[in-house]
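Undergrad: First residue of the sequence shown: 1, per the numbering used here; consecutive thereafter.
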Amino acid sequence: MADKIYPIAHAKEDTNEDESVMLSLFLDFLLKDAIKNPDQLVPYTQKMSDEMDELLANVVFTKTFS
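1) Write down every uninterrupted run of the alpha helix (DSSP H) in the stretch 8-52 whose length is 4 residues or greater and which is fully enclosed by it, in chain order.
2) Could you tell me the distance, in whole angstroms, from the CA atom of residue 136 to the CA atom of residue 41?
3) Do you know how far the Cα of residue 32 is from the Cα of residue 23?
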C-alpha cells in the first residue's frame with residue numbers, strides 16, 4: 001500500500017502527464033476526423049479571429065501556482 005503514496009511533485013507530474021495524454025488523444029481524434037471528412041472543415045477566418053479577440057478583450061488571465 002505504501003507504494004501508492006507519491007510525493008506532491010510526482011502527483012503534479014502525473015497530472016501534467018495525464019493532461020498531455022488526453023490532449024494528444026483529442027488532437028489525434030480531430031486529425032483523423034479531418035482526414036476522414038475533409039468536406040466538413042471550415043477555414044479559420046480573420047472575422048472569426050476578430051470575434052474571438054472581442055470576446056476575450058476584458059478577460060484577465062492569471063497564472064496560479066499550486
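Ideal placement from N, C-alpha and C gives every residue a C-beta, glycine not left out.
Just so you know, these numbers come straight off a predicted model, no measurement behind them.
TA: According to the data block:
1) 8-36
2) Because the chain is modelled from 1 through 66, residue 136 falls outside the range shown and cannot be assessed.
3) Indexing the sequence shown from 1 puts residue 23 at position 23. Indexing the sequence shown from 1 puts residue 32 at position 32. In a straight line, the C-alpha of residue 23 is about 14 Å away from that of residue 32.
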